[in-house]
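Visitor: Residue numbers (numbering that gives the first Met the number 0), protein chains in the order written: chain A, 0 to 283; chain B, 0 to 222; chain C, 0 to 123. We treat Cβ as the ideally placed atom computed from N, Cα and C, and that holds for glycine.
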Amino acid sequence: MNALQINALTKSFSKFSLENINLELPQGYIMGLVGKNGAGKTTLFKTIMNHLLKDHGDIQIYGYDHQKDEVQAKSRIAYLSDDPIGIGEMSLKTHKDAFAVGYPTWDEAKFQVLLNRFKLNQKAKVKTLSKGMKVKFGISLALSHNAQLILLDEPTAGLDPVARNEVMGLLQEELQDESKSILFSTHVTSDLEGIADYLTIIDQGHIIMSETGETINDNWRILKLEDLPAGISSLDVVKGIKPTSFGYSLLTSDFGKLQERLPADTTSETPNYADIMIHMVKGE
Amino acid sequence: MLSVIKRDWMLIRQKYLFLMPVLSMSLILLFPKGDEGYFIIGVPVVFIFSVFIFIQDDNSLRQLLSMPISRAGIARARFLSGWVFMSAGLVYIVVLGFGLGLVYPSALTAFIRHLDLLTLFTYLWVLSAMAFIAYPVLFLFIGKGVQALVAFTLGMNVLLGVYFLMRFNAAGPDIFEILKSLIMSLQKYHSSPLNYVASALTLLIVNSINMKLCEWIFTRKEF
Amino acid sequence: MKIIISNADPTPIYEQVVKQVQKQIIAGKLPAGSALPSIRKLALDLQISVITTKRAYDELERDGFINTVGGKGSFVAEQSREMLTEKKMREVEKILAQAVKEARSLGIKLGDMQVMLDLIYGGE
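(1) Does DSSP put residue 78 (chain C) in a helix, a strand or coil?
(2) Taking buried to mean at least 16 other C-beta atoms within 10 Å of its own C-beta, is residue 20 (chain A) buried or exposed?
(3) Which of helix, strand or coil does DSSP assign to residue 33 (chain B)?
(4) Is it buried or exposed for residue 132 (chain B), if we count other Cβ within 10 angstroms and need 16 for buried?
(5) Please name the residues in the segment 203-214 of chain A whose beta-carbon is closer than 8 Å to at least one beta-carbon of chain C, in chain order.
(6) Would you verify that the beta carbon of residue 78 (chain A) is, or is not, closer than 8 Å to some beta carbon of chain C?
(7) List in chain order: all unbroken beta strand (DSSP E) runs of 3+ residues lying wholly within the segment 128-172 of chain A.
(8) Since I believe residue 31 (chain C) is in contact with residue 78 (chain C) (beta carbons under 8 Å), could you give me their beta-carbon distance rounded to a whole number of angstroms?
(9) Residue 216 (chain A) touches chain C at which residues, Cβ-Cβ below 7 Å?
(10) Does residue 135 (chain A) come within less than 8 Å of chain B when only Cβ atoms are used?
(11) Cα separation between residue 125 (chain A) and residue 133 (chain A)?
(12) Shorter than 8 Å from the beta carbon of residue 239 (chain A) to some beta carbon of chain C?
(13) Going by the CB atoms, is the gap between residue 190 (chain A) and residue 37 (chain A) shorter than 8 Å?
(14) Inspect the CB distances between the segment 135-153 of chain A and the segment 173-186 of chain A and report whether three or more fall short of 8 Å.
(15) Between which two residues does the beta strand (DSSP E) containing residue 187 (chain A) stretch?
(16) Shortest alpha-carbon distance to residue 59 (chain B) belongs to which of A:137, A:210, A:39?
(17) With DSSP collapsed to three states, give me the class of residue 304 (chain A).
(18) Between the segment 186-205 of chain A and the segment 255-275 of chain A, do at least 3 Cβ pairs fall closer than 8 Å?
(19) Mind checking the segment 46-59 of chain C against chain A and listing, in chain order, the residues whose C-beta falls within less than 8 Å of any C-beta there?
(20) Starting from residue 212 (chain A) and walking both ways along the beta strand (DSSP E), at which residues does that stretch end?
(21) State yes or no: is the beta carbon of residue 63 (chain B) nearer than 8 Å to at least one beta carbon in chain A?
(22) Can you look up residue 90 (chain A) in the DSSP assignment and give me helix, strand or coil?
(23) What are the partner residues of residue 242 (chain A), as DSSP defines its beta bridges?
(24) DSSP three-state label for residue 154 (chain B), please.
(25) In its own chain, which residues sit with a C-beta less than 6 Å from the C-beta of residue 58 (chain A), not counting the 5 before and 5 after it?
(26) Among residues of its own chain, excluding the 5 on either side of residue 173 (chain A), which ones have a beta-carbon nearer than 8 Å to its beta-carbon?
(27) Verify whether the separation of the beta carbon atoms of residue 55 (chain C) and residue 64 (chain C) is less than 8 Å.
(28) My guess is that residue 106 (chain A) and residue 144 (chain A) are in contact by the Cβ rule of under 8 Å, so how many angstroms apart are they, rounded?
(29) What first and last residue would you give for the alpha helix (DSSP H) that runs through residue 207 (chain B)?
(30) Roughly how many whole angstroms lie between the Cα atoms of residue 99 (chain A) and residue 222 (chain B)?
(31) Would you call residue 242 (chain A) buried or exposed, if buried means 16 or more other Cβ atoms sit within 10 Å of its Cβ?
(32) For the alpha helix (DSSP H) that residue 41 (chain A) lies in, which residues bound it at each end?
(33) At which residues does the beta strand (DSSP E) containing residue 19 (chain A) begin and terminate?
If you want it as structure tokens, here you go:
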């Protein structure tokens, strides 16, 4: 069962469009969605949430269509938007009450645990919160109605490394419950190193890759080449080529397939997520 | 759907419910003209509050849209919630009518004279007509930011100001004369019990159409 | 169970997990029948992905070192210690064979090699 399944999704605006998005997130796993600012991360989230209306394609949440079975689908989703908290004059408690009203599955005990953990004061007004505290508050709300698919749009943006670590740790704890799945976006690849089961890169409205970390470790390599063998750049398994001062740095998704075409002494190394981004995402 | 209405009240309306008497009282003090009492209170209440009905920041709305409630359900709930709010306004008018009577005795007699089924129906018709103008417009504005709503509110209030200025300034022509005659003919219509029943049914139909229209707009909006 | 993951180590993370679990089984720190942490718990503790730990456990299970009982978790298999020790013995044998082959080609005598071995073994 896939927690989230997107088939051939398109959504066009005058200056930007999501094109032919296909994505699968199996139940029980965490996927990091990486891309530059403006790559389409927020648009994708909003389209999944049906805040933006798709042009074509299918989106299913645990098998429920996000439009036809909107209520069923949304009762399984927790969503933290890129700017989650509204009215600044409200206290956290009022905000929480207004939020909890919408969810029959609200878990007050869990919410209190999270508040304590993040050292948030219920009586404080929303406007007095720092950016980091707002994010923590938003996450506390999102995680307290026992949703199975947790969608987080840039949960670590504006957080210091300590808070970032706290948040990522919390997400991993959520995954202890095998029925839960997480999709979160970020433009910082280091958020994903280690914990993300799937790495998905979005660029200019296209999903340019979606792989498990293990596949990357096994098959993806960065090669340092002095010259490019003829015709190599048009191969499927060549994911990106960057000129360097020594020649070229080449990213491949299948080193084994490429090996015979390369000099025997070619050095290869396993790419980290930043390397993949640098090779695959087009510059300005 | 009930949860949406509940949330609506928690976040927005209860605040304005407190604001309502303050506003109305200050209007009474501004226009202390006995016989016009219920008009003076009624019209601004209707205007201001039918307009304030959908004021809500976009973040909060997005939160609502993320909850397990269908879009049509949200539109319905907010429409009904607006009506509940306007009915509360009606109760306020009654209460304030008496309050006004204490300050200006002549107003009390006028108020009591008007306080009947005919007044109620007039009020409902005026509200429904305004809702028909305001709601679809507001639903179109939803998600476009608070500014658009504020602009709309201000526009309505300026219109209202012009109206009152003209009413109390004999020199100017009353451009709302047509409205007044419409209300007069509406009141003439309510002459038999059968007409009341027909009127009530028409009110229901008009508001259902309006609600459907709002649903239609809301389910096609992007946020 | 104690596992330390090093990002500086070029060995894939799942392999690091596999090796360290094996090591602890051989050392007797993980006796047969003892429970391993759940895949998700281990992923959380090590701050690595669930898929990585799952792969490590799959590998261990495939080679017969652990058994996974649906709904109950993973346990160290009976005789896994003997199996592992045997396997490691064969690895040592292989390395020694390599050394002998090398020594023969250089004309080093058995006696000299034994002296060498004593020296190395004793020096540890």
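Guide: According to the data block:
(1) For the purposes of this step, residue 78 (chain C) is taken as the residue at position 79 of the third sequence. Coil.
(2) By one-based count along the first sequence, residue 20 (chain A) stands at place 21. Around the beta carbon of residue 20 (chain A), 16 or more other beta carbons sit within 10 angstroms, so the residue counts as buried.
(3) To locate residue 33 (chain B), count along the second sequence from 1; it is residue 34. Below a pLDDT of 50, predicted positions are generally treated as unreliable, and residue 33 (chain B), at 47, falls in that range; the measurement from the model is reported next regardless. Correct three-state label for residue 33 (chain B): helix.
(4) In the second sequence, the residue the question calls residue 132 (chain B) occupies position 133. By the Cβ-count criterion, residue 132 (chain B) is exposed, with fewer than 16 other Cβ atoms from all chains shown falling within 10 Å of its own Cβ.
(5) 211, 212, 213
(6) For the purposes of this step, residue 78 (chain A) is taken as residue 79 along the first sequence, with counting starting at 1. So no, residue 78 (chain A) is outside the interface.
(7) 148-151
(8) Here the question's residue 78 (chain C) lines up with position 79 in the third sequence. Here the question's residue 31 (chain C) lines up with position 32 in the third sequence. Their Cβ separation, rounded to whole angstroms, is 7 Å, which keeps residue 78 (chain C) and residue 31 (chain C) in contact under 8 Å.
(9) One-based indexing of the first sequence puts residue 216 (chain A) at position 217. Near residue 216 (chain A) (Cβ distances below 7 Å), the residues of chain C are 11.
(10) Start at 1 with the first residue of the first sequence, and residue 135 (chain A) comes out as number 136. Not one chain B Cβ lies under 8 Å of residue 135 (chain A).
(11) As a working note, residue 125 (chain A) is residue 126 in the first sequence. As a working note, residue 133 (chain A) is residue 134 in the first sequence. Going from the Cα of residue 125 (chain A) to the Cα of residue 133 (chain A) covers about 8 Å.
(12) On the first sequence, position 240 is the one that residue 239 (chain A) refers to. With 8 Å as the cut-off, residue 239 (chain A) does not count as an interface residue toward chain C.
(13) Here residue 37 (chain A) corresponds to residue number 38 of the first sequence, with the count starting at 1. Here residue 190 (chain A) corresponds to residue number 191 of the first sequence, with the count starting at 1. Taking 8 Å as the Cβ cut-off, residue 37 (chain A) and residue 190 (chain A) do not qualify as a contacting pair.
(14) yes
(15) As a position in the first sequence, residue 187 (chain A) is number 188, starting the count at 1. Unbroken run through residue 187 (chain A): none, as it is neither H nor E.
(16) To locate residue 59 (chain B), count along the second sequence from 1; it is residue 60. For the residues A:137, A:210, A:39, the minimum Cα distance to residue 59 (chain B) belongs to A:137.
(17) Examination of residue 304 (chain A) is not possible in this model, given that chain A is present from 0 through 283 alone.
(18) Yes, the segment 186-205 of chain A is in contact with the segment 255-275 of chain A.
(19) 46, 47, 48, 49, 50, 51, 54
(20) The count along the first sequence starts at 1 and reaches residue 212 (chain A) at position 213. Residue 212 (chain A) -> not in any beta strand (DSSP E); alpha helix (DSSP H) instead, spanning 212-218.
(21) For this step, residue 63 (chain B) is matched to residue 64 along the second sequence. Output row for residue 63 (chain B): interface = yes.
(22) On the first sequence, residue 90 (chain A) is found 91 positions in, with the first residue counted as 1. If DSSP states are grouped into helix, strand and coil, residue 90 (chain A) belongs with the strands.
(23) Here residue 242 (chain A) refers to the residue found at position 243 of the first sequence. For residue 242 (chain A), which the question treats as bridged, DSSP gives the partners A:247.
(24) Numbered from 1 along the second sequence, position 155 holds the residue referred to as residue 154 (chain B). Residue 154 (chain B) falls in the helix class under three-state DSSP.
(25) The sequence position of residue 58 (chain A) within the first sequence is 59, counting from 1. For residue 58 (chain A), where only same-chain residues beyond five positions count, the Cβ hits under 6 Å are 5, 47, 65.
(26) Along the first sequence, read from residue 1 onward, the residue named residue 173 (chain A) stands at position 174. Taken in chain order, the residues that qualify are 142, 149, 179, 181.
(27) By one-based count along the third sequence, residue 55 (chain C) stands at place 56. By one-based count along the third sequence, residue 64 (chain C) stands at place 65. Their beta carbons are not under 8 Å apart, which means residue 55 (chain C) does not touch residue 64 (chain C) by this criterion.
(28) For the purposes of this step, residue 106 (chain A) is identified with residue 107 of the first sequence, where counting begins at 1. For the purposes of this step, residue 144 (chain A) is identified with residue 145 of the first sequence, where counting begins at 1. Taking 8 Å as the upper bound for CB-CB distance, residue 106 (chain A) and residue 144 (chain A) are in contact here, some 7 Å apart.
(29) Mapped onto the second sequence, residue 207 (chain B) falls at position 208. Note, residue 207 (chain B): alpha helix (DSSP H), 192-218.
(30) Along the first sequence, one-based indexing puts residue 99 (chain A) at 100. Along the second sequence, one-based indexing puts residue 222 (chain B) at 223. A direct Cα-to-Cα measurement between residue 99 (chain A) and residue 222 (chain B) gives close to 21 Å.
(31) In the first sequence, residue 242 (chain A) corresponds to position 243, counting from 1. Exposed, by the Cβ-count rule.
(32) For this step, residue 41 (chain A) is matched to residue 42 along the first sequence. Where residue 41 (chain A) is concerned, the enclosing alpha helix (DSSP H) stretches over 40-47.
(33) Residue mapping note: residue 19 (chain A) aligns to position 20 of the first sequence, counting from 1. Start and end: 16-25.
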